[in-house]
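Number of protein chains: 2
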Amino acid sequence: MHRTRIRIAEDALDANTTIANANWVDFERAGVQVVNLMSAPGSGKTTLLERVLPALPLRAGVLEGDVQGAIDAGRLAALHIPVVQVNTDPGFGGECHLDANMVRSALPELDLGAIDLLMIENVGNLVCPAEFRVGEDARAMICSVTEGEDKPLKYPLMFRACELVVINKVDLLPHLEFDLERLQYNVDAVNPEATQIVLSARSGEGVEAFGEWLTAIPERAAAAA
Amino acid sequence: MHRTRIRIAEDALDANTTIANANWVDFERAGVQVVNLMSAPGSGKTTLLERVLPALPLRAGVLEGDVQGAIDAGRLAALHIPVVQVNTDPGFGGECHLDANMVRSALPELDLGAIDLLMIENVGNLVCPAEFRVGEDARAMICSVTEGEDKPLKYPLMFRACELVVINKVDLLPHLEFDLERLQYNVDAVNPEATQIVLSARSGEGVEAFGEWLTAIPERAAAAA
Chain P
8 MHRTRIRIAE DALDANTTIA NANWVDFERA GVQVVNLMSA PGSGKTTLLE RVLPALPLRA
68 GVLEGDVQGA IDAGRLAALH IPVVQVNTDP GFGGECHLDA NMVRSALPEL DLGAIDLLMI
128 ENVGNLVCPA EFRVGEDARA MICSVTEGED KPLKYPLMFR ACELVVINKV DLLPHLEFDL
188 ERLQYNVDAV NPEATQIVLS ARSGEGVEAF GEWLTAIPER AAAAA
Chain G
8 MHRTRIRIAE DALDANTTIA NANWVDFERA GVQVVNLMSA PGSGKTTLLE RVLPALPLRA
68 GVLEGDVQGA IDAGRLAALH IPVVQVNTDP GFGGECHLDA NMVRSALPEL DLGAIDLLMI
128 ENVGNLVCPA EFRVGEDARA MICSVTEGED KPLKYPLMFR ACELVVINKV DLLPHLEFDL
188 ERLQYNVDAV NPEATQIVLS ARSGEGVEAF GEWLTAIPER AAAAA
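Protein chains in written order, with my numbering: chain P, 8 to 232; chain G, 8 to 232.
Quick look at the structure:
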């Protein structure tokens, strides 16, 4: 009998990558660009989507990931944005992230022919979502200025995983002891390649730049092909 | 050969519970009361500890849990509070929570004879930390008013796991569209037993009530024994 070494963690990630690739092929075939949007709880993912999606020159849909409930899906559906809800609570105590297979299980519910852009709103968490590709073309995260300047240094994997870092809630800056330049310096220290967009989803300031970034994803994909 | 059914998830939690109980016995023997403090990233755990611990009529120490770095430990050590740092990044991509064995591995570094109260500052995350007891006497969480009123409904396990829910950053209420009563109603809906304390770690408003809650833990333990 020969000895076999089983590496569980790598196998689990390998399976995820296989399914993520299958998702990506399906999205690509349908001509849908996909963004995996991540952040800590309460950073303003849904508020930003409410603000930006209706104004886009693209047909956008949303896949909502939550441990429980469909509060955010309801907010977006009220704006006539197509939304599919994925709840992670059947997992071990409620999964703290979306993985590729959860997204795959939602594919039959998504009318990919009716959209050009799919925003995947991940579970609010700065750790595990960064470890699981789900078939996206780009990864974006939101960091709100109420969370402190140190977050890139404490959760570097998340900041490194993303092509775009949105800095949200800048309308609150006059009321905080917060050094925006220090946050931007810290983002740059862990991920110098990342695009940074400073905005307020509440006031609308800077949201146009996020809309332009989303609109340019198909152009970037075409240029890369 | 009879058939055996292995339930991996429960086994993993059983092992954690066994080690958590061993930790609890060690803390109890040393006369140290232990609080597991949890929240989303950037809710103000460290700022609240900076504010409350030096004013307590107890000798308090802190076990700092972070994926990477020792920023918060440095802030507390500057106030002459004994601090031990646990980094979770050797785990699979950086563990998103502290478990009982991580806390156990820190015990040799903790001078339990020199403290009456140990605050365990967990990794910033509203999902997984709630699933892992670490040997604590009480569990407390912080929810900041910048995170929205819906968090108890989206992360019910965390709110249910805690004896105390601290509502932080109320100094920002004048600048937010936020319904404090609605948040308190939602906390009450998922955990009617929880004590709620409304405060601002930054202004100091309400922090005294949190200090009184911490001071009363040994009294409650004595009354229950």
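Just so you know, even glycine gets a beta-carbon here, dropped at the ideal spot from N, CA and C.
The model shown is predicted, which means the values in this text are computed figures rather than measured ones.
query, result
"Does the Cβ of G:L144 have 16 or more other Cβ atoms within 10 Å, making it buried, or fewer, making it exposed?", "The displayed chain sequence assigns Asp, not Leu, to residue 144 of chain G. So G:D144 ends up on the buried side."
"Could you give the distance in angstroms between the alpha-carbon of P:M8 and the alpha-carbon of G:V42?", "Below a pLDDT of 50, predicted positions are generally treated as unreliable, and P:M8, at 47, falls in that range; no measurement from the model is reported."
"Report the rounded CA-to-CA distance for P:A201 versus P:N94, giving the unit in angstroms.", "30 Å"
"Examine the ligand GTP and report whether any of its heavy atoms sits within less than 7 Å of the Cβ of G:V110.", "Among the ligands in the structure shown, none appear at all, so the ligand GTP cannot be discussed."
"Below 8 Å on C-beta distance, what does G:P192 contact in chain P?", "Looking at the sequence provided, one finds Tyr at residue 192 of chain G rather than Pro. The premise fails here: G:Y192 is roughly 14 Å from chain P at the closest Cβ pair, so nothing lies under 8 Å."
"Would you tell me roughly how many angstroms separate the C-alpha atoms of P:L65 and G:V173, rounded to the nearest one?", "42 Å"
"With DSSP as the reference, identify every bridge partner of P:E219, one or two as the case may be.", "Bridge partners of P:E219: none, in fact."
"With respect to the alpha helix (DSSP H) encompassing G:E188, which residues constitute its N-terminal and C-terminal limits?", "187–197"
"So, at 8 Å on beta carbons, what are the nonlocal neighbours of G:E128 in its own chain, with the 5 sequence-adjacent residues on each side left out?", "L44, K52, T53, L56, V69, L70, E71, G72, D79"
"Do P:Y162 and G:P163 have their C-beta atoms closer together than 8 Å?", "no"
"One question on the structure: do G:D106 and G:F139 come within less than 8 Å of each other, judged by their Cβ atoms?", "yes"
"Is the CB of G:M8 under 8 Å away from at least one CB in chain P?", "At G:M8, the pLDDT of 47 sits below 50, so the modelled position is not reliable; the number obtained from the coordinates is stated separately. No, no contact with chain P."
"Is the separation between the beta-carbon of P:I149 and that of P:S50 shorter than 8 Å?", "yes"
"Is the distance from the Cβ of P:N193 to the Cβ of G:N132 below 8 Å?", "no"
"For chain P, check one thing: does any of its Cβ atoms lie closer than 8 Å to the Cβ of G:L70?", "no"
"Would P:G142 count as contacting chain A if we go by Cβ distances under 8 Å?", "The displayed structure is made up of protein chains P and G, and chain A is not among them."
"Check for me: the alpha helix (DSSP H) holding G:V110 runs from which residue to which?", "107–113"
"Is P:L206 helix, strand or coil when you go by DSSP?", "coil"
"Taking the DSSP output, what are the residues bridged to P:D73?", "P:N94"
"Which term fits P:E156, buried or exposed, when burial requires 16 or more other beta carbons within 10 angstroms of its beta carbon?", "buried"
"Taking the beta strand (DSSP E) that G:V177 belongs to, which residues open and close that run?", "From DSSP, G:V177 is part of no beta strand (DSSP E); its letter is neither H nor E."
"Grouping DSSP H, G and I as helix and E and B as strand, with all else coil, what is G:L164?", "helix"
"Mind pulling the chain P residues with CB within less than 9 Å of G:D21?", "What G:D21 touches in chain P: nothing, since even the nearest Cβ is about 13 Å away."
"Which value, in whole angstroms, describes the spacing of the CA atoms of P:R227 and P:G218?", "14 Å"
"Return no unless some Cβ of chain P is closer than 8 Å to the Cβ of G:K161.", "yes"
"From the DSSP secondary-structure annotation, give me the bridge partner or partners of P:A149.", "Going by the sequence as given, residue 149 of chain P is Ile instead of Ala. BP columns for P:I149 point to P:S46, P:V173."
"From which residue to which residue does the beta strand (DSSP E) around G:I122 run?", "Unbroken run through G:I122: none, as it is neither H nor E."
"Going along the chain, which residues of the segment 59–84 of chain P sit with their C-beta nearer than 9 Å to a C-beta in chain G?", "D73, V74, Q75, G76, I78, D79"
"Three-state secondary structure (DSSP) at G:I88?", "coil"
"So which residues of chain G does P:C135 contact, with C-beta pairs closer than 7 Å?", "C103"
"Return the chain-ordered list of same chain residues with a C-beta closer than 8 Å to the C-beta of G:G213, the five sequence neighbours on each side being excluded.", "V177, I204, V205, L206, S207"
"Leaving out five residues on either side along the sequence, give the residues of the same chain with a beta carbon under 8 Å from the beta carbon of G:I88.", "L56, L60, P61, A67, G68, V69"
"Determine, using beta carbons only, whether G:P48 comes closer than 8 Å to chain P.", "yes"
"Mind checking who G:A67 pairs with in its DSSP beta bridge?", "G:L124"
"What residues from chain P crowd round G:N108, counting only those whose CB sits closer than 9 Å?", "Within 9 Å Cβ-Cβ: nothing; G:N108 doesn't reach chain P, min ~17 Å."
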